[in-house]
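Chemist: In our numbering, the protein residues as written are 17 to 339. Okay, handing you the structure first.
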Ligand code: MTE
């Protein structure tokens with residue numbers, strides 16, 4: 017990935033001037049004075065690449081052991097070549113083959129809805145006040161395979177809180193870029209594009225919910241959802257929306273792409289649950305990617321092994337009905 021360092025990007029290059037001034041005002045209100053200090057320093061950049069832009073310096077991060085699995089991570093090669101990203105094709109190798117020329121720089125994210133602060137922000141500005149962490153999380157797909165992945169990101173709740181959600185903010189809706197020219201999968205009506213997902217606000221604020229910008233110590237490859245994606249490790253993989261351009265606080269439960277297309281198969285909550293089966297895949301066992309087809313399947317754990325941390329969010333709910 018070829019992102020510019022925050023210190024070198026001129027926000028007026030990305031946004032019309034009026035919007036830019038408004039965004040500056042909002043950033044000030046967000047307490048973003050740390051921007052210049054927190055980002056990678058301009059002096060640490062490598063020389064200009066052939067695009068004329070200096071490549072962004074490698075991500076700096078600290079490892080968060082508290083929230084990390086101790087299981088061995090799935091090999092980088094598998095993490096980056098066995099993907100679900102329907103915007104770039106339906107088969108697992110398609111995203112790697114078809115997303116290489118996808119442009120993720122510049123990138124901006126619109127944040128709004130039921131919050132005191134809102135606007136459209138250059139990704140660099142949004143991220144600058146946050147420190148990046150590496151967290152090794154299990155990822156469990158509804159198709160009954162799993163991986164263990166060292167993601168780089170920041171707690172979603174830390175970013176959301178800066179926008180001061182109002183008491184009406186009961187849910188958070190996320191939207192992927194809509195750009196059929198760049199995303200060939202969007203030229204077919206496989207899903208109702210753009211891809212949308214949602215969380216209840218307490219789920220979004222849970223410290224395990226991660227906004228991800230990198231993997232294996234590097235910025236995200238396009239096929240993994242560059243430049244910004246969600247990872248919610250106690251839910252099936254489809255909740256972990258990729259290439260996010262919009263985040264909205266809502267009063268009503270947002271629609272989600274998969275529950276819109278097949279409501280009997282994909283619920284809004286989608287918590288990993290070995291007792292509630294998908295019509296086409298049992299959820300009792302899972303196959304770890306990269307361990308060979310003959311590897312024994314292991315038992316799937318409630319909430320993908322994160323029950324101690326998140327089960328209390330669902331106390332009193334019937335998880336067969338709210339699957
Ligand atoms: N986000 C978008 N925009 N489009 C998709 O097709 N697939 C989801 C999720 N996020 C998807 C998406 C599914 S089904 C899974 S399992 C995970 O991305 C896969 O993430 P990975 O390819 O990094 O393993």
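By construction, the Cβ of each residue, glycine as well, lies at the ideal position given by its N, Cα and C atoms.
With H, G and I counted as helix, E and B as strand and the rest as coil, what does DSSP make of residue 140?
Modeler: If you number the chain shown from 1, residue 140 lands on position 124. It is helical.
Chemist: Considering Cα atoms alone, identify which of 82, 112, 216 is closest to residue 240.
Modeler: Within the chain shown, residue 240 is the residue found at index 224, counting from 1. Among 82, 112, 216, the Cα nearest to that of residue 240 is on 112.
Chemist: Straight-line CA distance for residue 266 to residue 190?
Modeler: As a first step, residue 266 is located in the chain shown; it is residue number 250 there, counting from the start. As a first step, residue 190 is located in the chain shown; it is residue number 174 there, counting from the start. Distance between the alpha carbons of residue 266 and residue 190: 11 angstroms.
Chemist: How many Å lie between residue 163 and residue 95 at the Cα?
Modeler: The count along the chain shown starts at 1 and reaches residue 163 at position 147. The count along the chain shown starts at 1 and reaches residue 95 at position 79. So the alpha carbons of these two residues sit roughly 8 angstroms apart.
Chemist: Within the continuous alpha helix (DSSP H) that includes residue 346, where are the two ends?
Modeler: This structure leaves residue 346 out entirely; the chain is present only between 17 and 339.
Chemist: Identify, in the order they occur along the chain, each residue of the same chain with its Cβ nearer than 6 angstroms to the Cβ of residue 270, setting aside the five sequence neighbours on each side.
Modeler: Along the chain shown, read from residue 1 onward, the residue named residue 270 stands at position 254. 187, 189, 214.
Chemist: Within the present structure, is the beta-carbon of residue 276 separated from the nearest heavy atom of ligand 1 by less than 8 angstroms?
Modeler: Within the chain shown, numbered from 1, the residue matching residue 276 stands at position 260. No.
Chemist: For residue 90, collect the residues of the same chain with a Cβ closer than 8 angstroms to its Cβ; drop the 5 residues on either side in sequence, then sort them by chain order.
Modeler: Reading the chain shown from its first residue, position 74 is the one you call residue 90. Here the set comprises 163, 164, 165, 304, 305, 306.
Chemist: If you check the beta carbons only, do residue 233 and residue 168 fall under 9 angstroms apart?
Modeler: Here residue 233 refers to the residue found at position 217 of the chain shown. Here residue 168 refers to the residue found at position 152 of the chain shown. Yes, Cβ-Cβ distance for residue 233 and residue 168 is below 9 angstroms.
Chemist: According to DSSP, residue 153 sits in a beta bridge with which residue or residues?
Modeler: One-based indexing of the chain shown puts residue 153 at position 137. DSSP output for residue 153 lists 165 as bridge partner(s).
Chemist: Is it buried or exposed, residue 171, if we count other Cβ atoms within 10 angstroms and call 16 or more buried?
Modeler: Against the chain shown, residue 171 aligns to sequence position 155. It is buried - the Cβ of residue 171 has at least 16 other Cβ atoms within 10 Å.
Chemist: Quick one: Cα of residue 268 to Cα of residue 216, how far?
Modeler: On the chain shown, position 252 is the one that residue 268 refers to. On the chain shown, position 200 is the one that residue 216 refers to. Using only the alpha carbons, I get a separation of about 10 angstroms.
Chemist: Within a Cβ cutoff of 7 angstroms, which residues of the same chain sit near residue 220, ignoring the five residues on either side of it in sequence?
Modeler: Taking the first residue of the chain shown as 1, we reach residue 220 at position 204. 172, 173, 176, 188, listed in sequence order.
Chemist: Say the cut is 8 angstroms; is the CB of residue 339 nearer than that to a heavy atom of ligand 1?
Modeler: Here residue 339 corresponds to residue number 323 of the chain shown, with the count starting at 1. No, ligand 1 has no heavy atom inside 8 angstroms of this Cβ.
Chemist: Mind checking which residues open and close the beta strand (DSSP E) that includes residue 231?
Modeler: Here the question's residue 231 lines up with position 215 in the chain shown. Element bounds for residue 231: 226-231.
Chemist: Taking just the CA atoms, how far does residue 122 sit from residue 141?
Modeler: Taking the first residue of the chain shown as position 1, residue 141 is located at position 125. Taking the first residue of the chain shown as position 1, residue 122 is located at position 106. Answer to the nearest angstrom: the Cα atoms are 12 angstroms apart.
Chemist: Return yes when the C-beta of residue 229 is under 8 angstroms from any heavy atom of ligand 1, and no when it is not.
Modeler: Along the chain shown, one-based indexing puts residue 229 at 213. Because no heavy atom of ligand 1 lies under 8 angstroms away, the Cβ of residue 229 does not count as near it: no.
Chemist: Can you give me the start and stop residues for the beta strand (DSSP E) that residue 212 sits inside?
Modeler: Residue numbering aside, residue 212 sits at position 196 when the chain shown is read from its first letter. Segment 212-216, the beta strand (DSSP E) holding residue 212.
Chemist: Under 7 angstroms Cβ to Cβ from residue 59, same chain only, skipping five residues before and after it: list those, please.
Modeler: As a position in the chain shown, residue 59 is number 43, starting the count at 1. With a pLDDT of 30 at residue 59, under the threshold of 50, the modelled position of that residue is not reliable, and no figure is offered here.
Chemist: Should residue 329 be listed as close to ligand 1, given that the test is whether its C-beta is under 8 angstroms from any heavy atom?
Modeler: Here residue 329 is taken as the residue at index 313 of the chain shown, counted from 1. No, ligand 1 has no heavy atom inside 8 angstroms of this Cβ.
Chemist: Should residue 247 go down as buried or exposed, given a rule of 16 or more other Cβ atoms within 10 Å for buried?
Modeler: As a working note, residue 247 is residue 231 in the chain shown. Burial call: buried.
Chemist: State the beta-bridge partners of residue 260 as determined by DSSP.
Modeler: Here residue 260 refers to the residue found at position 244 of the chain shown. Per DSSP, 192.
Chemist: Would the beta-carbon of residue 111 be found less than 8 angstroms away from any heavy atom of ligand 1?
Modeler: Residue 111 sits at position 95 when you count from the first residue of the chain shown. Answer for residue 111: yes, Cβ within range of ligand 1.
Chemist: Cβ of residue 105 within 9 angstroms of Cβ of residue 200?
Modeler: Here residue 105 corresponds to residue number 89 of the chain shown, with the count starting at 1. Here residue 200 corresponds to residue number 184 of the chain shown, with the count starting at 1. Going by C-beta atoms, residue 105 is nearer than 9 angstroms to residue 200.
Chemist: If contacts are defined as beta-carbon pairs under 8 angstroms, then residue 83 and residue 151 qualify, I think. What distance do you get, rounded to the angstrom?
Modeler: On the chain shown, residue 83 is found 67 positions in, with the first residue counted as 1. On the chain shown, residue 151 is found 135 positions in, with the first residue counted as 1. Contact holds; Cβ gap of about 5 angstroms.
Chemist: Kindly indicate which residue of 237, 315, 324, 258 has the alpha-carbon position closest to the one of residue 117.
Modeler: Walking along the chain shown from the start, residue 117 turns up at place 101. When only C-alpha atoms are compared, the closest one is 237.
Chemist: Which runs of the beta strand (DSSP E) spanning at least 3 residues fall entirely within the stretch 289-320, listed in chain order?
Modeler: Qualifying beta strand (DSSP E) stretches, in chain order: 301-304.
Chemist: Around the C-beta of residue 311, are 16 or more other C-beta atoms found within 10 angstroms, so that it is buried, or is it exposed?
Modeler: Taking the first residue of the chain shown as position 1, residue 311 is located at position 295. Classification of residue 311: exposed, given that the 10 Å Cβ count is below 16.
Chemist: Tell me whether residue 296 is buried or exposed, calling it buried when 16 or more other Cβ atoms sit within 10 Å of its Cβ.
Modeler: Here residue 296 is taken as the residue at index 280 of the chain shown, counted from 1. The residue is exposed, with fewer than 16 neighbouring Cβ atoms inside 10 Å.
Chemist: Near residue 208, which residues of its chain fall below 7 angstroms by C-beta distance, leaving aside the five closest residues on each side in sequence?
Modeler: Position 192 of the chain shown, counted from the first residue, corresponds to residue 208. So the list reads 273, 276, 277, once near-sequence residues are dropped.
Chemist: Could you spell out the range, first to last residue, of the beta strand (DSSP E) harbouring residue 276?
Modeler: If you number the chain shown from 1, residue 276 lands on position 260. Note, residue 276: premise wrong, no beta strand (DSSP E); alpha helix (DSSP H) at 273-277.
Chemist: Alpha carbon to alpha carbon, how far is residue 255 from residue 88? Give it in angstroms, no decimals.
Modeler: In the chain shown, the residue the question calls residue 88 occupies position 72. In the chain shown, the residue the question calls residue 255 occupies position 239. Distance between the alpha carbons of residue 88 and residue 255 is about 23 angstroms.
Chemist: Could you pull the start and end residues of the beta strand (DSSP E) that residue 285 belongs to?
Modeler: Indexing the chain shown from 1 puts residue 285 at position 269. No beta strand (DSSP E) holds residue 285; DSSP gives it neither H nor E.
Chemist: With the cut-off set at 9 angstroms, would you say residue 211 and residue 251 are in Cβ contact?
Modeler: Start at 1 with the first residue of the chain shown, and residue 211 comes out as number 195. Start at 1 with the first residue of the chain shown, and residue 251 comes out as number 235. No, these two residues do not count as a Cβ contact at 9 angstroms.
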